[in-house]
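Number of protein chains: 2
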Amino acid sequence: MKLTDISNDINEWFSGSGPLADVVISSRIRLARNLAQHKFLSRCSTTEKSQILKKLKTTLMSLDLGEKVFYLSVDKADALNKRFLVERHLISRHHAFGEGPRGVVIAEQQSFTAMINEEDHLRMLVLKGGLQLTICGKQINRIDDMIERNVDYAFSTRYGYLTACPTNLGTGIRVSVMLHLPALKLTGQIEKFFNAAKDMNLAVRGLFGEGTEAAGDFYQLSNQATLGVSEADIIRQFEKTTIPEVVEYENAARNQLLANQSDILDDKISRAMALLKNARLISSHEALFLLSHLRLGINMRNHMGASTPAIKNLCGPSNLDNPRGPSIKTINRLFMVTLPAHLQLNYGKALEPADRDLLRAKIIRSALNAEDKTNQ
Amino acid sequence: MKLTDISNDINEWFSGSGPLADVVISSRIRLARNLAQHKFLSRCSTTEKSQILKKLKTTLMSLDLGEKVFYLSVDKADALNKRFLVERHLISRHHAFGEGPRGVVIAEQQSFTAMINEEDHLRMLVLKGGLQLTICGKQINRIDDMIERNVDYAFSTRYGYLTACPTNLGTGIRVSVMLHLPALKLTGQIEKFFNAAKDMNLAVRGLFGEGTEAAGDFYQLSNQATLGVSEADIIRQFEKTTIPEVVEYENAARNQLLANQSDILDDKISRAMALLKNARLISSHEALFLLSHLRLGINMRNHMGASTPAIKNLCGPSNLDNPRGPSIKTINRLFMVTLPAHLQLNYGKALEPADRDLLRAKIIRSALNAEDKTNQ
Numbered sequence: 235m236k237l238t239d240i241s242n243d244i245n246e247w248f249s250g251s252g253p254l255a256d257v258v259i260s261s262r263i264r265l266a267r268n269l270a271q272h273k274f275l276s277r278c279s280t281t282e283k284s285q286i287l288k289k290l291k292t293t294l295m296s297l298d299l300g301e302k303v304f305y306l307s308v309d310k311a312d313a314l315n316k317r318f319l320v321e322r323h324l325i326s327r328h329h330a331f332g333e334g335p336r337g338v339v340i341a342e343q344q345s346f347t348a349m350i351n352e353e354d355h356l357r358m359l360v361l362k363g364g365l366q367l368t369i370c371g372k373q374i375n376r377i378d379d380m381i382e383r384n385v386d387y388a389f390s391t392r393y394g395y396l397t398a399c400p401t402n403l404g405t406g407i408r409v410s411v412m413l414h415l416p417a418l419k420l421t422g423q424i425e426k427f428f429n430a431a432k433d434m435n436l437a438v439r440g441l442f443g444e445g446t447e448a449a450g451d452f453y454q455l456s457n458q459a460t461l462g463v464s465e466a467d468i469i470r471q472f473e474k475t476t477i478p479e480v481v482e483y484e485n486a487a488r489n490q491l492l493a494n495q496s497d498i499l500d501d502k503i504s505r506a507m508a509l510l511k512n513a514r515l516i517s518s519h520e521a522l523f524l525l526s527h528l529r530l531g532i533n534m535r536n537h538m539g540a541s542t543p544a545i546k547n548l549c550g551p552s553n554l555d556n557p558r559g560p561s562i563k564t565i566n567r568l569f570m571v572t573l574p575a576h577l578q579l580n581y582g583k584a585l586e587p588a589d590r591d592l593l594r595a596k597i598i599r600s601a602l603n604a605e606d607k608t609n610q
Numbered sequence: 235m236k237l238t239d240i241s242n243d244i245n246e247w248f249s250g251s252g253p254l255a256d257v258v259i260s261s262r263i264r265l266a267r268n269l270a271q272h273k274f275l276s277r278c279s280t281t282e283k284s285q286i287l288k289k290l291k292t293t294l295m296s297l298d299l300g301e302k303v304f305y306l307s308v309d310k311a312d313a314l315n316k317r318f319l320v321e322r323h324l325i326s327r328h329h330a331f332g333e334g335p336r337g338v339v340i341a342e343q344q345s346f347t348a349m350i351n352e353e354d355h356l357r358m359l360v361l362k363g364g365l366q367l368t369i370c371g372k373q374i375n376r377i378d379d380m381i382e383r384n385v386d387y388a389f390s391t392r393y394g395y396l397t398a399c400p401t402n403l404g405t406g407i408r409v410s411v412m413l414h415l416p417a418l419k420l421t422g423q424i425e426k427f428f429n430a431a432k433d434m435n436l437a438v439r440g441l442f443g444e445g446t447e448a449a450g451d452f453y454q455l456s457n458q459a460t461l462g463v464s465e466a467d468i469i470r471q472f473e474k475t476t477i478p479e480v481v482e483y484e485n486a487a488r489n490q491l492l493a494n495q496s497d498i499l500d501d502k503i504s505r506a507m508a509l510l511k512n513a514r515l516i517s518s519h520e521a522l523f524l525l526s527h528l529r530l531g532i533n534m535r536n537h538m539g540a541s542t543p544a545i546k547n548l549c550g551p552s553n554l555d556n557p558r559g560p561s562i563k564t565i566n567r568l569f570m571v572t573l574p575a576h577l578q579l580n581y582g583k584a585l586e587p588a589d590r591d592l593l594r595a596k597i598i599r600s601a602l603n604a605e606d607k608t609n610q
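Same order as they appear, the protein sequences are chains X and D.
Just so we're aligned, residue 235 is where the first sequence starts under the working numbering, counting upward by one.
Just so we're aligned, residue 235 is where the second sequence starts under the working numbering, counting upward by one.
Structure, rendered in structure tokens:
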């Protein structure tokens, strides 16, 4: 399997399906593990890192995960492939651009990946569309158990799993959900969300994890401490309480927009559609924001029955009586394929930023205008 | 005549016709005069101001200007009417919101106005579309002579006409042209224009004269000193050298955009058209910038034969073979009627900013979509 086999499609990270997918883009659980017989990576020689890599790669590739898996040697991959894997949330930025022998095992459907020699010897991720943390948890535990039958993990009866950074000590778990909160942003309530997250000791990051700056109104919410809490408690708290509360809050803001600020809502949706269908140059950053507003409009129409002029008009003025417009699937696909590395990988080579903006605009224009024709 | 008789139309200030009208929106000459028998206004009592007002009003209203003239008592006018007159460049902001007895005489076609008791006893303006400074000069001199047959101007054989501020001393003339320089802006060369103007001791102001901030890429260029230079020299220098050079510079930038940066040009024009036709809320400031880009595209198509995809597409995708799109006249009219006071005067009452943005977007949408239908 090559990366170009998957670069033109969407994976679980942005599938747009699953429970509460209007607001919860995807759920993700990460486990951090280290091998008992080896030092932490910061104190390993290159030789020892290679031994760890070989051992874990062999173990992982021999597991029966119910689907094909493939291995990529990250230290030997070219920059574009690495950026693609980061954009798709299959590996971390740290893993992509770090040093020393390291690799990643990726399941074909991309709901499971395992980074070898990232910050810990092994960091596994399970990813599902919508709010599916319990299922993610079950799946990652099953895989974790399978691996543990083949290797000895560094484990202390007092602290739990030992990790390179003390914040991961204990369960080594990190639970994250990617949220789409455009209405909280438009109604000026997003700061309240940040403050609430802070009070609950949760971290808020942007789409690509850098700082907390949000791109396209997407926010990653994740737990910070793992010591002294059980995996099951963390997952249950997120899935049963924290996330449903955020979803309710965002939905209240959507209703508020519809009831009191429909001009603002309509303006954002109309502008987004007009620019996406007509602009000749679109930066990655702008595309995320415009697609975000379109996604909001489509979800409000499909699931809240909203029918403001702009929402009715989503598929163009010629089709007012039978509005369908672009599907959420099209929008989600555009989110992914217009990211810089996706764009270049699908194009076949690296492009200058100005040429990327030109190509991005062209891809979006064709996709949205093609949908218009299909619906007429 | 009422102001609402003229508020839905365009005047010479924005007629879009006349020599070099692609770049030179309009030419304007102002003369400052004071009556010999009265003190400068800063030292006048209210009673004396009323006497000056009465004398000048009577003189001006009795002149044969070849068209109807009407008088407005500025100190008694309501705020909306005053803001309308300022927006239309018929009176200055200082005159609108100053103090004491004052008025304005306006010729029906609005190419002549005379402010009484502004900073000087009398400030006359003649306004023509395009580059027509010589004609403006002849017309204002003819009117000035007619007035001088009826009143005694304050005049010194050493200094010339005496004015309240020494910068106007001598000829009391101020020559201004309103320029549209979007290509210099888009190609990053507008600073060079500012520096050149500074070197020539010319003032650059924005559309409404406040500071030098440009709205919609419109710039007013005017002379600063009047002492020791003849009126004819100032006018000749502007009309024969300075302005043709700026026009050439702007046109070179337009050709440069077409030759080397047509993606950027197309992007701006496509975005402007898409937003103007689709946005639900548009601020006055944004409208000026978007209309500016549309104006650039239409002028480049009409007078330079430009036919980039966006320029071809100006009137919508259904009419690619026979592109006409909105006329310059429509665009110029939209520039004026979407200004805040124009908008409210035509609507019939004052509106909150958010309601103005809604109404402005509606007016623009209807105008541009109506043009589409006409052309199909």
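Glycine residues also receive a C-beta, built at the ideal position from the N, C-alpha and C atoms.
Values in this document were obtained by computation on a predicted structure and should not be read as measured data.
Taking the C-alpha atoms as reference points, what is the distance between D:P543 and D:M534? Counted from its first residue, the second sequence places residue 543 of chain D at position 309. Counted from its first residue, the second sequence places residue 534 of chain D at position 300. Their Cα atoms are separated by approximately 13 Å.
Is the Cβ of D:D379 closer than 8 Å to any Cβ of chain X? Stepping through the second sequence from its first residue, residue 379 of chain D is reached at position 145. The beta-carbon of D:D379 is placed no less than 8 Å from the nearest beta-carbon of chain X.
Cutoff 7 Å; reference X:K563; Cβ partners in own chain excluding five residues on either side: For this step, residue 563 of chain X is matched to residue 329 along the first sequence. Cβ within range, chain order: G250.
Counting C-beta neighbours from all protein chains within 10 Å, is the total for X:S261 16 or more, i.e. buried, or is it exposed? Taking the first sequence and counting its residues from 1, the one referred to as residue 261 of chain X is at position 27. With 16 or more neighbouring CB atoms inside 10 Å of its own CB, X:S261 falls in the buried class.
Local Cβ density within 10 Å of D:P301, reported as buried at 16 or more and exposed below that: Indexing the second sequence from 1 puts residue 301 of chain D at position 67. Per the sequence shown, the amino acid found at residue 301 of chain D is Glu instead of Pro. D:E301 should be labelled exposed.
Do the CB positions of D:N242 and D:N603 come within less than 8 Å of each other? Residue 242 of chain D sits at position 8 when you count from the first residue of the second sequence. Residue 603 of chain D sits at position 369 when you count from the first residue of the second sequence. Contact flag unset, no.
Contacts of D:I498 in chain X (Cβ-Cβ under 9 Å): Mapped onto the second sequence, residue 498 of chain D falls at position 264. Listed along chain X are R514, L515, A588, each with a C-beta nearer than 9 Å to that of D:I498.
Please determine if the segment 485-497 of chain D and the segment 563-579 of chain D are in contact, where contact requires at least 3 C-beta pairs separated by less than 8 Å. A contact between stretches requires three or more CB pairs, one per stretch, nearer than 8 Å, and the segment 485-497 of chain D fails this requirement with the segment 563-579 of chain D.
Positions along the segment 471-496 of chain D whose CB lies within less than 7 Å of some CB in chain X: Result list empty, no residue passes.
Does chain X have any CB closer than 8 Å to the CB of D:A604? Position 370 of the second sequence, counting from 1, holds the residue named residue 604 of chain D. Not closer than 8 Å to any Cβ of chain X, the Cβ of D:A604 fails to qualify, so no.
How about X:H355 and X:N268: are their beta carbons less than 8 Å apart? On the first sequence, residue 355 of chain X is found 121 positions in, with the first residue counted as 1. On the first sequence, residue 268 of chain X is found 34 positions in, with the first residue counted as 1. Yes, Cβ-Cβ distance for X:H355 and X:N268 is below 8 Å.
Does the CB of D:K511 have a neighbour CB from chain X at under 8 Å? For the purposes of this step, residue 511 of chain D is taken as residue 277 along the second sequence, with counting starting at 1. With a threshold of 8 Å between beta carbons, D:K511 makes contact with chain X.
Range of the contiguous alpha helix (DSSP H) that encloses X:Y581: One-based indexing of the first sequence puts residue 581 of chain X at position 347. First-last of the alpha helix (DSSP H) with X:Y581: 574-581.
Which residues of chain X have a Cβ atom closer than 7 Å to the Cβ of D:S600, listed in chain order? Counting from 1 along the second sequence, the entry for residue 600 of chain D is found at position 366. Chain X residues near D:S600: none, gap ~13 Å exceeds 7 Å.
Could you check if D:Q610 is buried or exposed, using at least 16 other CB atoms within 10 Å of its CB as the buried criterion? Within the second sequence, residue 610 of chain D is the residue found at index 376, counting from 1. Confidence at D:Q610 is low in this model, with a pLDDT of 43, below 50, so the placement of that residue is unreliable and no value is reported for it.
Between the C-alpha atoms of X:T401 and X:A459, what's the straight-line distance to the nearest angstrom? Within the first sequence, numbered from 1, the residue matching residue 401 of chain X stands at position 167. Within the first sequence, numbered from 1, the residue matching residue 459 of chain X stands at position 225. In a straight line, the C-alpha of X:T401 is about 6 Å away from that of X:A459.
Run through chain D and tell me which residues come within less than 8 Å of X:M507, C-beta to C-beta. Counted from its first residue, the first sequence places residue 507 of chain X at position 273. The answer, in chain order, is N512.
Under 8 Å Cβ to Cβ from D:T476, same chain only, skipping five residues before and after it: list those, please. To locate residue 476 of chain D, count along the second sequence from 1; it is residue 242. Excluding residues up to 5 positions away in sequence, M434, L436, L455 lie with their Cβ nearer than 8 Å to the Cβ of D:T476 in the same chain.
Neighbouring residues, chain X, relative to D:A544 (Cβ below 7 Å): As a working mapping, residue 544 of chain D is identified with position 310 in the second sequence. Against chain X, the beta carbon of D:A544 has neighbours under 7 Å at R514, listed in chain order.
Residue from X:V308, X:A540, X:G582 with nearest C-alpha to X:A348: Position 114 of the first sequence, counted from the first residue, corresponds to residue 348 of chain X. Out of X:V308, X:A540, X:G582, X:V308 has the C-alpha closest to the C-alpha of X:A348.
Which of helix, strand or coil does DSSP assign to X:N402? As a first step, residue 402 of chain X must be located in the first sequence, where it is residue number 168. Of the three classes helix, strand and coil, the one that applies to X:N402 here is helix, per DSSP.
Starting from the beta carbon of D:L593, find every residue of chain X whose beta carbon is closer than 7 Å, and list them in chain order. To locate residue 593 of chain D, count along the second sequence from 1; it is residue 359. For D:L593, there are no C-beta contacts with chain X under 7 Å, since the nearest C-beta of that chain is about 11 Å from it.
Does any residue of chain D have a CB that is nearer than 8 Å to the CB of X:H501? Reading the first sequence from its first residue, position 267 is the one you call residue 501 of chain X. In the sequence as presented, His is not what sits at residue 501 of chain X; that position holds Asp. X:D501 counts as touching chain D.
Going by alpha carbons, who is nearest to D:L314 out of D:Y305, D:A330, D:L299, D:F304? Here residue 314 of chain D is taken as the residue at index 80 of the second sequence, counted from 1. Comparing Cα positions, the closest option is D:A330.
Spatial distance of X:K502 from D:R599 (CA atoms): Residue mapping note: residue 502 of chain X aligns to position 268 of the first sequence, counting from 1. Residue mapping note: residue 599 of chain D aligns to position 365 of the second sequence, counting from 1. Going from the Cα of X:K502 to the Cα of D:R599 covers about 15 Å.
Could you compute how far the alpha carbon of D:N556 sits from the alpha carbon of D:A266? Residue 556 of chain D sits at position 322 when you count from the first residue of the second sequence. Residue 266 of chain D sits at position 32 when you count from the first residue of the second sequence. With a pLDDT of 47 at D:N556, under the threshold of 50, the modelled position of that residue is not reliable, and the figure given next carries that caveat. If you take the alpha carbons of D:N556 and D:A266, they lie about 50 Å apart.
Could you say which of X:V463, X:M412, X:S464, X:T293 lies nearest to X:I377 if we only look at CA atoms? Numbered from its first residue, the first sequence carries residue 377 of chain X at position 143. Of the candidates X:V463, X:M412, X:S464, X:T293, the one whose C-alpha sits nearest the C-alpha of X:I377 is X:T293.
Suppose you measure from the CA of X:I340 to the CA of X:H537; what does that come to, to the nearest Å? Start at 1 with the first residue of the first sequence, and residue 340 of chain X comes out as number 106. Start at 1 with the first residue of the first sequence, and residue 537 of chain X comes out as number 303. So the alpha carbons of these two residues sit roughly 34 Å apart.
With a cut-off of 8 Å on the beta carbons, I'd call X:E321 and X:H576 a contact; round off their distance for me. Here residue 321 of chain X corresponds to residue number 87 of the first sequence, with the count starting at 1. Here residue 576 of chain X corresponds to residue number 342 of the first sequence, with the count starting at 1. That pair is a contact at about 6 Å.
For X:S504, which residues in chain D fall below 7 Å Cβ to Cβ? On the first sequence, position 270 is the one that residue 504 of chain X refers to. The answer, in chain order, is N512, A513, R514.
Where does the unbroken beta strand (DSSP E) through X:V463 begin, and where does it stop? Locating residue 463 of chain X in the first sequence gives position 229, counting from the first residue. Per DSSP, X:V463 lies in no beta strand (DSSP E) segment and is marked neither H nor E.
Relative to the alpha-carbon of D:I350, which residue among D:E282, D:F389, D:A540 has its alpha-carbon at the smallest distance? Residue mapping note: residue 350 of chain D aligns to position 116 of the second sequence, counting from 1. Nearest neighbour of D:I350 by Cα position, chosen from D:E282, D:F389, D:A540, turns out to be D:E282.
Using three-state DSSP, classify D:I545 as helix, strand or coil. Numbered from 1 along the second sequence, position 311 holds the residue referred to as residue 545 of chain D. Of the three classes helix, strand and coil, the one that applies to D:I545 here is helix, per DSSP.
Identify the residues that DSSP records as bridge partners of X:V411: which are they? As a first step, residue 411 of chain X must be located in the first sequence, where it is residue number 177. Its beta-bridge partners are X:S261, X:L455.
Locate the alpha helix (DSSP H) running through X:V481, then write down its first and last residues. By 1-based counting over the first sequence, the position of residue 481 of chain X is 247. From DSSP, the alpha helix (DSSP H) with X:V481 extends over 477-494.
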